[in-house]
Every structure is written in C-alpha cells, then in structure tokens.
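Q: This note's numbering puts the first residue of the sequence shown at 159, with every later residue one more than the last. Supplied in structure tokens, the structure appears directly below.
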Amino acid sequence: MSGRDAFDSTCIDTPSSCFMQGRPVKGVTVGIPKEYHNESLSNECWKGWNEAAKALAALGCKIKEVSMPSTAYSIICYHVLAEADITSNMAR
C-alpha cells in the first residue's frame with residue numbers, strides 16, 4: 159500500500175514509490191497487528207482482512223501476528239495533536 163489515500167485528509171499527496179514493482183512477494187513477511195482484530199471490527203472488515211491475508215499467503219508471503227501495544231493510545235494522541243494544530247492555526 160502506497161500513495162495518497164483519497165479518504166484520508168491527513169495524508170501527504172506525494173508520488174508513490176513502486177518499491178515492490180517487478181519483485182516477487184514470495185518470502186516477504188507481512189505483520190498483522192493483533193490489536194486491530196477486536197470486537198469493534200465489523201464483519202465486513204473481518205472478511206476483507208482475512209481475504210487479504212489469505213491472498214498474500216497464496217502468493218507466498220509469510221503472515222505473522224505482531225503486537226502493537228501502543229495502538230490503544232493512537233486516538234488519544236491524534237486528538238491532542240489535532241487540537242494543538244487547530245490552536246496554532248487560530249493564533250495566526
């Protein structure tokens with residue numbers, strides 16, 4: 159996944175790099191954070207997540223469960239930073 163996300167207003171619009179173009183993905187390890195699999199994830203998201211993991215495994219990727227324990231703080235950090243940004247912009 160690379161490039162601009164049209165649904166993310168916080169991303170930077172820079173050209174994507176095709177770092178895997180022309181390279182096989184066989185043997186590439188793909189980490190799936192266990193904290194992202196929780197009860198608030200919709201069935202549709204579960205299905206898409208699992209289908210993507212199966213497709214990558216079928217291409218020869220190694221699927222590995224990883225832990226990102228700070229994930230629980232990401233929304234809190236986002237709000238603190240967003241409010242600081244708003245304050246900075248209003249001070250101009």
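Positions of the beta carbon are idealized from the N, C-alpha and C atoms, including for glycine.
Check whether the Cβ atoms of S225 and K192 lie closer than 7 angstroms to each other.
A: Their beta carbons are under 7 angstroms apart, which means S225 touches K192 by this criterion.
Q: Does the distance between the C-beta of K220 and the nearest non-hydrogen atom of the ligand SAM fall short of 6 angstroms?
A: Among the components modelled here there is no ligand, and therefore nothing to report on the ligand SAM.
Q: Starting from the C-beta of A230, find all residues in its chain whose C-beta is less than 8 angstroms away, skip the five residues before and the five after it, and write them out in chain order.
A: E193
Q: Return the Cβ separation of K220 and T187 in integer angstroms, given the expectation that the two are a contact with Cβ distance under 8 angstroms.
A: So it is a contact: roughly 5 angstroms between Cβ atoms.
Q: Which value, in whole angstroms, describes the spacing of the CA atoms of E241 and S198?
A: 26 angstroms
Q: Could you give the uninterrupted runs of the beta strand (DSSP E) lying entirely in the segment 172 to 235, keeping only those of 3 residues or more?
A: Entirely contained in the segment 172 to 235, the beta strand (DSSP E) runs reaching 3 residues are, in chain order, 187 to 191 and 220 to 224.
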